[in-house]
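If you're matching positions, the sequence shown starts at 15 in this note's numbering and goes up one per residue.
C-beta: ideal position from N, C-alpha, C; glycine also.
Just so it is clear, the structure is predicted and the values come from calculations on it, not from any experiment.
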Amino acid sequence: MDYYALLDMAVSLGYELAMAGAETYRVEESIHRVLLAYGLESEIFAIPNCIIVSIEGPNGKPMTRMRRVGQHGNDLDSVEQFSDLSRAICNRTPDPQVAQEWLELTRQSRKTYSLSASLLGHFLAAAGFGLFFGGTAADTIWAGIVGVLVGIIQHILGIIKTNPFFTTITASFLMALSAYALGAMGLTPNPDAAIMGTVMLLVPGLLFTNAMRDIIYGDTNSGVNRIMQVFLVAAGIALGTAVAFQSAAIVFGTPDDHYILSYSPTVQILASCVGCIGFTFVFNVHGHGAPLCCLGGGLTWAVYLLVVSLGGGDFIANFWAALFAGFFAEFMARIRKHPAISYLVISLLPLIPGGGIYRAVNYAVRGNMGMFADTAIHTAAVAGILAVGILMASTTVRLRNILKSQKKA
């Protein structure tokens, strides 16, 4: 057997998973299982920007392969495809050269949405969450249009490989400034709702979810690394919207603080489903998984509203909704034999505190530091509650699987 080819193939598989946005434990576990299927024990160390794999060669000497991982994507379909490939290799253990050919074929046959479909996704995501956050019909339409602007900016800056932090600042600035300009012209009665809906496109939902799952599975270094990236993106959103607010105040006058509308539970659930539909395009989800992800988002928000109607506060409602989203994702993963991350990240979207980030910044730039502190602390607490809900769901399922495997043994 060509051990060098086998090692290179396994590392390349892990690299593709990492580039698509897979969790660290999935990258390490996929490499480990593939090498174990060929009878090789391995030592694997993966962090968000590097993979190192070591095996023992036929002469007893260690063989090590390291590969640097670049900027991650949000390609959930590729996560599914390469996870399926790792299982196929484990089941059939072809010659390493043949496995490498399978890898190349999977890489070439990956599905991706066209730019127009991606921009449609940006429109639906921003419009759906614009309505979700209490915007009027006009706010919803304009939120979708501004969401398309964000998609175009991200596409152009992605082509020239601009730093993600700069991309976030630029997109959030132009997005917020456009919404304030539309408000000054009377086209959007509530530009704040339009901005909050569009901000959801910039909030790192996949990064946050992966950070929590990395920490859950003991990959603390990777989890902390991703959490810092989440904070940097949040800081970029805050900086971009703050500068846009000050610029709008100079050009158009200080934007008014508008009243947020309150819709019925049915409208909120439908709006969250529309927003989640948009994100299936943004995160490149295909096939039957797309409607199931949207269903998860709607049901998650329904659980939140149910807990609130029963007298629960915001924190306990977020906890139970996140717990439901976690179990829903794990259940769907086992039913369809695909990674849970696809279902989890989109199902959680209605709970992700994108509106809280914007409100905190808005209070800060208006000089209301008391409300800024309260909102910022509340937003951070909600993020923590979501992490606890995800932790409990994933840990419960993992313990159940361990106990089940022990009974079989």
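Best match in the options for proximity to residue i [C-alpha to C-alpha]
{"i": "Thr38", "options": "Val93, Asp22, Met346, Ile360", "result": "Val93"}
{"i": "Thr255", "options": "Thr107, Leu191, Arg350, Asp388", "result": "Leu191"}
{"i": "Gly148", "options": "Phe96, Gly200, Ala208, Ser100", "result": "Ala208"}
{"i": "Leu188", "options": "Ile166, Ser356, Thr202, Lys175", "result": "Ile166"}
{"i": "Thr12", "options": "Gly368, Val41, Gly172", "result": "Missing from the structure shown is residue 12; the chain here goes from 15 to 423 and no further."}
{"i": "Thr150", "options": "Asn88, Leu275, Pro76", "result": "Leu275"}
{"i": "Phe295", "options": "Val257, Val322, Thr126, Leu358", "result": "Thr126"}
{"i": "Leu196", "options": "Asn177, Val247, Pro269", "result": "Pro269"}
{"i": "Met80", "options": "Ala285, Asp22, Gly267, Phe266", "result": "Asp22"}
{"i": "Cys307", "options": "Ser323, Gly326, Ile360", "result": "Ile360"}
Span separating the alpha-carbon of residue i from that of residue j
{"i": "Gly311", "j": "Arg348", "result": "18 Å"}
{"i": "Asn63", "j": "Gln85", "result": "8 Å"}
{"i": "Gly158", "j": "Phe338", "result": "29 Å"}
{"i": "Lys351", "j": "Gln260", "result": "50 Å"}
{"i": "Ala152", "j": "Thr409", "result": "43 Å"}
{"i": "Ile241", "j": "Phe137", "result": "28 Å"}
{"i": "Arg412", "j": "Val25", "result": "26 Å"}
{"i": "Gly71", "j": "Tyr231", "result": "29 Å"}
{"i": "Ala343", "j": "Thr234", "result": "22 Å"}
{"i": "Ser236", "j": "Leu90", "result": "19 Å"}
{"i": "Val41", "j": "Ile330", "result": "33 Å"}
{"i": "Met77", "j": "Gly340", "result": "38 Å"}
{"i": "Ile391", "j": "Met210", "result": "18 Å"}
{"i": "Thr223", "j": "His169", "result": "23 Å"}
{"i": "Arg380", "j": "Val257", "result": "12 Å"}
{"i": "Asn73", "j": "Ile371", "result": "56 Å"}
{"i": "Arg47", "j": "Thr314", "result": "33 Å"}
{"i": "Leu324", "j": "Ile283", "result": "17 Å"}
{"i": "Ala51", "j": "Asn105", "result": "8 Å"}
{"i": "Ala354", "j": "Leu220", "result": "12 Å"}
{"i": "Cys287", "j": "Ala225", "result": "24 Å"}
Check whether residue i and residue j have beta carbons under 8 Å apart
{"i": "Val244", "j": "Pro279", "result": "no"}
{"i": "Gly142", "j": "Leu215", "result": "no"}
{"i": "Pro110", "j": "Asp16", "result": "yes"}
{"i": "Ala32", "j": "Ala60", "result": "yes"}
{"i": "Leu400", "j": "Leu358", "result": "no"}
{"i": "Ala252", "j": "Val375", "result": "yes"}
{"i": "Ala139", "j": "Gly303", "result": "no"}
{"i": "Asn332", "j": "Val396", "result": "yes"}
{"i": "Leu365", "j": "Ala335", "result": "yes"}
{"i": "Ala19", "j": "Gln114", "result": "yes"}
{"i": "Phe179", "j": "Leu246", "result": "yes"}
{"i": "Thr184", "j": "Leu201", "result": "no"}
{"i": "Pro203", "j": "Tyr194", "result": "no"}
{"i": "Leu27", "j": "Ser100", "result": "yes"}
Rounded distance between the beta-carbons of residue j and residue i, thought under 8 Å
{"i": "Ser44", "j": "Ser56", "result": "That belief does not hold up - the Cβ atoms of Ser44 and Ser56 are roughly 11 Å apart, past 8 Å."}
{"i": "Gly301", "j": "Gly135", "result": "So it is not a contact: roughly 15 Å between Cβ atoms."}
{"i": "Phe146", "j": "Ala285", "result": "4 Å"}
Check: residue i C-beta below 7 Å from any heavy atom of the ligand HEM
{"i": "Phe179", "result": "This structure lacks the ligand HEM, and indeed carries no ligand of any kind."}
Complete runs of the beta strand (DSSP E) confined to the stretch 17-95 [at least 3 residues]: Within the stretch 17-95, complete beta strand (DSSP E) segments of at least 3 residues are found at 56-61, 64-70, 76-82, given in chain order.
Unbroken stretches of the alpha helix (DSSP H), 4 residues or longer, contained in the stretch 206-232: Within the stretch 206-232, the complete alpha helix (DSSP H) runs of at least 4 residues are 219-230.
Every unbroken alpha helix (DSSP H) inside the stretch 360-400 [4 residues or more]: Segments of the alpha helix (DSSP H) lying fully in the stretch 360-400: 368-379.
Alpha helix (DSSP H) runs wholly inside the stretch 120-190, at least 4 long, in chain order: The stretch 120-190 is shown to contain whole alpha helix (DSSP H) runs of 4 or more residues at 129-146, 151-173, in chain order.
3-residue-minimum beta strand (DSSP E) runs that sit fully inside the stretch 244-311, ordered along the chain: Within the stretch 244-311, no run of beta strand (DSSP E) at least 3 residues long lies entirely inside it.
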